[in-house]
Amino acid sequence: MTKANPGNFFEDFSLGQKIAHATPRTVTEGDVSLYIALTGSRFAMQSADSFAIDTGFPAAPVDDFLVFNMVFGKSVPDISLNAIANLGYAECRFLVPVFPGDTLCASSEVIGLRQLSNGKAGVVYVRTAGVNQTGDTVLEFVRWVMVPKRNMDAPAPETQIPDLPERVAPDQLAQGLPPIDAKAYDVALSGAPHLWGDFEPGEKIDHVDGMTIEEAEHQSATRLYQNTAKVHFNAHAQKDSRFGRRLVYGGHVISLARALSFNGLANAFHIAALNSGTHAAPCFAGDTVYAWSEILEASEIPGRTDAGALRIRTLATKDLPCADFPRKTAEDGYAEGVLLELDYWAVLPRV
Amino acid sequence: MTKANPGNFFEDFSLGQKIAHATPRTVTEGDVSLYIALTGSRFAMQSADSFAIDTGFPAAPVDDFLVFNMVFGKSVPDISLNAIANLGYAECRFLVPVFPGDTLCASSEVIGLRQLSNGKAGVVYVRTAGVNQTGDTVLEFVRWVMVPKRNMDAPAPETQIPDLPERVAPDQLAQGLPPIDAKAYDVALSGAPHLWGDFEPGEKIDHVDGMTIEEAEHQSATRLYQNTAKVHFNAHAQKDSRFGRRLVYGGHVISLARALSFNGLANAFHIAALNSGTHAAPCFAGDTVYAWSEILEASEIPGRTDAGALRIRTLATKDLPCADFPRKTAEDGYAEGVLLELDYWAVLPRV
Amino acid sequence: MTKANPGNFFEDFSLGQKIAHATPRTVTEGDVSLYIALTGSRFAMQSADSFAIDTGFPAAPVDDFLVFNMVFGKSVPDISLNAIANLGYAECRFLVPVFPGDTLCASSEVIGLRQLSNGKAGVVYVRTAGVNQTGDTVLEFVRWVMVPKRNMDAPAPETQIPDLPERVAPDQLAQGLPPIDAKAYDVALSGAPHLWGDFEPGEKIDHVDGMTIEEAEHQSATRLYQNTAKVHFNAHAQKDSRFGRRLVYGGHVISLARALSFNGLANAFHIAALNSGTHAAPCFAGDTVYAWSEILEASEIPGRTDAGALRIRTLATKDLPCADFPRKTAEDGYAEGVLLELDYWAVLPRV
């Protein structure tokens, strides 16, 4: 009986099961620097203590997707080490800002199970939380993954599919965000004049720039998150896989899309919630990632006059500039070259 | 009308125009580690707090070219996003040491304009400054770039070419450098016995070592500086460019040349000024960078007996060892393989 | 006479000679982040301040092999810049934990010399120490390297081969390790339930995972350690070498093997000593590193009931999964694909 972790299979999960994930992580200024070096992110709030302090934070907060990727990474050895596919995200809320020096622990609860009709695998729904050293939940999200069975004869669990909202409601957004001093928010330093009130639903923005991914980059990012999924790191084993090569971690594509979106959404300084996300196609080293966004909704945040929320759909593509806003085909499949569709709430200053 | 930044074209610049650049940046220990990891720099003063404190600093100062690259990077979206060529640098002075925790803001002033005779582009001269959180200018430099016109019919501005000195005068050097305790300066730890008085004008030094650049490395360095120039990151778009591939940011070549120069100039612990610089040829991933230096002048620094200045010309080459000190051809062009010529003042302890 | 460092040749070393190595180094949180990003290490003690504090440390200690590689790197310009081969390690002891903010200086003493019978080179044995800013020796190790002679006519020194133990004795282990509160040691967070008492001599563990190395990764790691050995960085010069390409620094392979060993040895939170190590074959970019371990001994640590020591032999391979525990051939040579054999003492909590 080996002491190495074989990961969980479908029959290892049970409804209501709670799993504490290994390897708590102190997030540091080193992680912040690496995140900038690996993504090119330029949001002023996460880049400069002085800018964040002037606006109302005690220091520059850690990028929301760096937090997301770290918490997600912790969950991999228990939830998705053997996963066949990451099927979706929902109800992801960023609840409390994280600062360098905070230590994050992650845990998950199984909230849904559904065995496939072929009896060989099933879908596991988990709600994963990241908690800081003072016990605050900083991030919460639901994801579901397809996991094979180890023993094909294991009985199917009762099917339970959680009821997930299409989007996080505006009154659930930005509850941990400190009051923003919008007068002190300097749009010369933030990089663009367009605040919350300057965006209209239906508006589309081509983020223009492209970023080519190298193997060393996505591997370093994914290791930084202590994500252990084998498909990202093992070229030798991947030679015999469906794609014949290493896959880029989807969270790295999310981070790149977010970093590229600065060019057009520079004042969307905080991701408050991720409503849903789809990895439409695999991404490989050598691919150049482009992105474009559409404003889906503009919503006030109940109780706040300092900031408002935009519901944004950001698409990332590979080797495909986005001047024509590629998304779906006539048959409603994703267009060739689309990598990612992300539906999220971002917060912008409001004057 | 898109909200993405299209960058400025020649007719967007006017003499005396002042531009505050986006994304202030808190420089951290994470940046310092990454700079060492990406360049291999070994100067003791920037590597060890204890060494710096013994010598007279409050802590290890941030590498001068890390500061330069960060301030430069901020200026790119406004000054050189559309640039056809970076033509030169002058009057670059490192005025105040930067320490981890400092936040840098950058701004530029247009100090010269000259439309090309073909009417399609022009040369823009800017003086760029980096300012820390207490308002001190830590770095100032002039650079000039060739920028295309958006509208060929836009009228030419009055030609104004700034008067730039061939070199920064010695009495302008090291004004922000704390007094150095040259007795406490440990040449075993610094890596070489040769102090200011040991160098003679005309002396040439082959720095011997070579460093091969990978795509992931120059991309990570350039993103760390939040430099957005597309030519460094977008392999997909660069396929159709003149070179067919990504270009290495010239500032990364400068950093590598400086790091290589440790082997021969280990006690040149501070760059006080950059007199001029030329990128003689493009650099690509896969190139191996070598360097050599010639001492051009040795100057006292008025008012100081603790340290002296050497004016140094450092050449960087690609795939060309420097035992024969390659520089110019008989026709006064740069020799094949020369990447960079840098003329700068470095400060060394004086006993 | 050049000021660049030509490195030492065999006849430059003398018995008892002491060498202070250049470039002291303040270890920072940036280095810790980079180490995780480059190796994927997941040991909870080095990852989270809270976990380390609960267990008895003042903060998360720096990974032992990060400390080893930094101290080793300092010794390269003086000891092994011209080395033909790194022949072995012995008596390596990790004596005092290192924390971010500590500054490390390295020095070596020549403890043995043996000229080869062909008169062209010799073996140099050195004992290298890393000392922190308060004067504590944090790490000590012996290594021996084959170094060519500059002048073949230089007389041979008297042969002196140091007496080196096969293994560090258990009463010399973990002297600087603070008392561990094994009750507070959370095995859900550490990643595995198996503590010191759960391992038996003879037990073999396949660490399962594989990690492919990229040029940018091993170069960045090796530069982070300010290791200057040319074979790792200079593709241009290596083209004409025996292997025709850059070699991965052996210390990076050690770090990867250690990081991979988490999967099976998650509670081996401290490396107390390295008894011996052999680099069985060269490693190149593109190789996928796998690892397996065998428990050689389980020993109490005299005077301690909180923690025990396991003597472990870890093998790293390239492009060779380790389910069959590859090590030697019938002729007692290393099997094809074996990169590294490391014999060390690790410390685990004991309940």
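Residue numbers (my numbering), protein chains in the order written: chain W, 1 to 351; chain S, 352 to 702; chain H, 703 to 1053.
C-beta: ideal position from N, C-alpha, C; glycine also.
Your pair residue 872 of chain H and residue 1011 of chain H checks out as a contact, with CB atoms roughly 6 Å apart and the cut at 8 Å. By the Cβ rule, the segment 729 to 745 of chain H counts as touching the segment 27 to 45 of chain W, because three or more pairs are nearer than 8 Å. Residue H/714 holds the alpha-carbon nearest to the alpha-carbon of residue 853 of chain H among H/816, H/911 and H/714. Around residue 1031 of chain H, the same chain offers 1037 as residues with beta carbons nearer than 7 Å, after the five sequence neighbours per side are excluded. Flagged as an interface residue toward chain S: residue 733 of chain H, by a C-beta distance shorter than 8 Å.
Per DSSP, the unbroken beta strand (DSSP E) holding residue 1040 of chain H starts and ends at 1040 to 1051. Contact of residue 1014 of chain H with chain W is not assigned, every C-beta pair being separated by 8 Å or more. Residue 115 of chain W is bridged by DSSP to W/122. Per the C-alpha coordinates, the member of W/347, W/320, W/276 and W/250 positioned closest to residue 85 of chain W is W/250. Contact between the segment 251 to 262 of chain W and the segment 39 to 52 of chain W is present: 3 or more CB-CB pairs across the two stretches fall below 8 Å.
Contact between the segment 914 to 924 of chain H and the segment 48 to 63 of chain W is absent: fewer than 3 CB-CB pairs across the two stretches fall below 8 Å. If the five residues before and after residue 707 of chain H are omitted, its C-beta is found closer than 8 Å to the C-beta atoms of 779 and 783, all from its own chain and listed in chain order.
With a beta-carbon spacing of about 7 Å, residue 384 of chain S and residue 926 of chain H fall inside the 8 Å limit used to define contacts. Each of S/410, S/458 and S/618 was checked against the Cα of residue 481 of chain S, and the nearest Cα belongs to S/458. Per the coordinates, the alpha-carbon of residue 226 of chain W lies some 22 Å from the alpha-carbon of residue 2 of chain W.
Taking a beta-carbon distance threshold of 8 Å, residue 718 of chain H does not count as an interface residue toward chain W.
At least 8 Å separates the beta-carbon of residue 314 of chain W from that of residue 180 of chain W.
If the five residues before and after residue 100 of chain W are omitted, its C-beta is found closer than 7 Å to the C-beta atoms of 27, 28, 29, 32 and 62, all from its own chain and listed in chain order.
For residue 25 of chain W, the three-state secondary structure derived from DSSP is strand. Judged by DSSP in its simplified three-state form, residue 384 of chain S adopts helix. For residue 437 of chain S, the beta-bridge partners assigned by DSSP are S/496. A distance below 6 Å between beta-carbons, with the five flanking residues on each side excluded, links residue 996 of chain H to the following residues of its chain, in chain order: 906 and 1015. It is roughly 45 Å from the alpha-carbon of residue 967 of chain H to the alpha-carbon of residue 859 of chain H. When C-alpha distances from residue 511 of chain S are compared across S/676, S/585, S/623 and S/475, the shortest belongs to S/475. Residue 643 of chain S is bridged by DSSP to S/557 and S/666. Using a Cβ distance threshold of 8 Å, residue 878 of chain H and residue 773 of chain H do not count as a contacting pair. Shortest Cα-Cα distance from residue 442 of chain S to any of S/525, S/642, S/491 and S/487 involves S/491. In the three-state scheme derived from DSSP, where H, G and I count as helix and E and B as strand, residue 220 of chain W is classed as helix.
Sequence-distant Cβ neighbours of residue 517 of chain S in its own chain, meaning closer than 8 Å and more than five residues away, are 626 and 627. The alpha-carbon separation between residue 438 of chain S and residue 430 of chain S amounts to approximately 13 Å. About 17 Å separates the beta carbon of residue 963 of chain H from that of residue 923 of chain H, a gap too long to meet the 8 Å contact definition.
About 6 Å separates the Cβ atoms of residue 1040 of chain H and residue 983 of chain H, confirming a contact at the 8 Å cut-off. The C-beta of residue 69 of chain W has 16 or more other C-beta atoms within 10 Å across all chains shown, which makes the residue buried.
Secondary structure of residue 188 of chain W (DSSP, three-state): helix. For residue 478 of chain S, the three-state secondary structure derived from DSSP is strand. Between residue 386 of chain S and the set S/587, S/541, S/415 and S/671, the nearest pair of CA atoms involves S/415.
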